[in-house]
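Counting in our numbering, the final residue of the sequence shown is number 267, and the numbers go up one at a time with none missing.
All residues carry an ideal CB built from backbone N, CA and C; glycine is no exception.
None of the values given here were measured: they were computed from a predicted structure.
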Amino acid sequence: MDPRLAIIDRRLEDIGRVIAISGGKGGVGKSVTASVMALLLSKLGYRTGLLDLDFYGPSVHTILGAKPTLPEEDRGVVPPEVHGIRFMSIIHYAGENPSPIRGVDISNATIELLAVTRWGSLDFLVVDMPPGIGDTTLDAVRLMKGAEFLLVTTGSKVSLAVVRRLLSMLVELKVRVIGVLENMRMDGSSSARDEMEALGVPFLGEIEFDRGLEDSIGDVEKLMRTHFAGKLERVLGKVLSST
Ligand SMILES: Nc1ncnc2c1ncn2[C@@H]1O[C@H](COP(=O)(O)OP(=O)(O)O)[C@@H](O)[C@H]1O
Ligand SMILES: [Mg+2]
25 MDPRLAIIDR RLEDIGRVIA ISGGKGGVGK SVTASVMALL LSKLGYRTGL LDLDFYGPSV
85 HTILGAKPTL PEEDRGVVPP EVHGIRFMSI IHYAGENPSP IRGVDISNAT IELLAVTRWG
145 SLDFLVVDMP PGIGDTTLDA VRLMKGAEFL LVTTGSKVSL AVVRRLLSML VELKVRVIGV
205 LENMRMDGSS SARDEMEALG VPFLGEIEFD RGLEDSIGDV EKLMRTHFAG KLERVLGKVL
265 SST
């Protein structure tokens with residue numbers, strides 16, 4: 025028995041909702057969605073945490089323009105506050121160096137991060153997940169009991185195929201799926217809507233490909249003024265009304 029597992033339950037006990045932003049493929053917009061959603065929640069006055077669990081490609085700090093800061097230790101680790109969000113990431117320890125962890129150590133790092141972080145009392149913890157149906161997804165489900173999943177996909181058949189597999193896995197694990205968001209929609213691309221409706225999975229909406237988004241990466245004020253953020257705010261309305 026790993027004593028850290030019991031500690032994790034206590035670390036998470038004062039959190040209202042844990043929302044994992046997941047999806048099949050890399051590059052579909054999971055990290056931008058997780059980051060902007062956390063910013064929107066914080067702007068609405070919710071006490072919000074943001075956890076980057078993508079150890080191979082941590083991106084949240086880049087999107088938020090956050091510098092790695094060694095967190096303060098006080099009966100655990102206190103997540104540094106970034107733009108009003110309590111933000112935890114491996115980059116606080118690894119900096120911009122390549123992550124020194126690999127393979128099985130990833131699972132260990134997930135457990136460690138969840139066991140040490142003192143979130144305190146939060147309304148929402150948003151978790152940025154790595155792509156795919158890997159160990160981290162299974163760990164997240166196992167370690168963060170009651171976590172809900174929001175899946176991001178593009179309309180591409182390839183991305184949708186992975187999302188379908190992820191969905192059936194989550195259903196099998198009895199995980200609550202808030203719904204699926206289609207990102208980077210372009211004219212003429214196929215839509216995820218019909219497929220999700222056929223599967224009985226809530227479709228949360230579409231966000232178009234936004235040419236202004238790239239320019240706002242690292243600049244939170246700009247980011248919040250993008251078309252992307254405007255659209256995500258509507259999606260968030262659906263998330264808030266779904267319990
Ligand atoms: N709707 C969109 N329009 C334009 N660019 C986008 C959109 N969504 C995401 N991107 C860009 O795509 C890239 C990958 O996004 P990211 O959130 O890191 O994907 P993931 O976390 O799924 O790998 C980023 O450079 C991001 O700015
Ligand atoms: Mg990502």
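Item: Beta carbon of Gly-89 nearer than 8 Å to that of Gly-242; Value: yes
Item: DSSP state of Arg-110 mapped onto helix, strand, coil; Value: strand
Item: Contact test: Phe-111 Cβ vs ligand 1 heavy atom, cutoff 7 Å; Value: no
Item: Glu-221 versus Arg-41 - alpha carbon distance; Value: 25 Å
Item: Spatial neighbours of Gly-50 in its chain, beta-carbon cut-off 6 Å, leaving aside the 5 residues before and after; Value: Pro-155
Item: For Thr-134 and Val-101, believed in contact at Cβ under 8 Å, the rounded distance; Value: Wrong, their Cβ atoms sit about 14 Å apart, outside the cutoff.
Item: Cβ pair Val-187, Gly-53 closer than 8 Å; Value: no
Item: Through-space distance from Gly-203 to Leu-175, alpha-carbon basis; Value: 6 Å
Item: Secondary structure of Arg-188, DSSP reduced to three states; Value: helix
Item: C-alpha gap between Leu-64 and Glu-257, whole angstroms; Value: 7 Å
Item: Near ligand 1: Ile-241 beta-carbon under 7 Å from a heavy atom; Value: yes
Item: Glu-238 beta carbon near ligand 1 (any heavy atom closer than 7 Å); Value: yes
Item: Ordered list of beta strand (DSSP E) runs contained in the region 28-84, each at least 3 residues; Value: 39-46, 72-76
Item: Neighbourhood of Tyr-70 by C-beta, 6 Å cutoff - its chain only, sequence neighbours within 5 removed; Value: Asp-147, Phe-148
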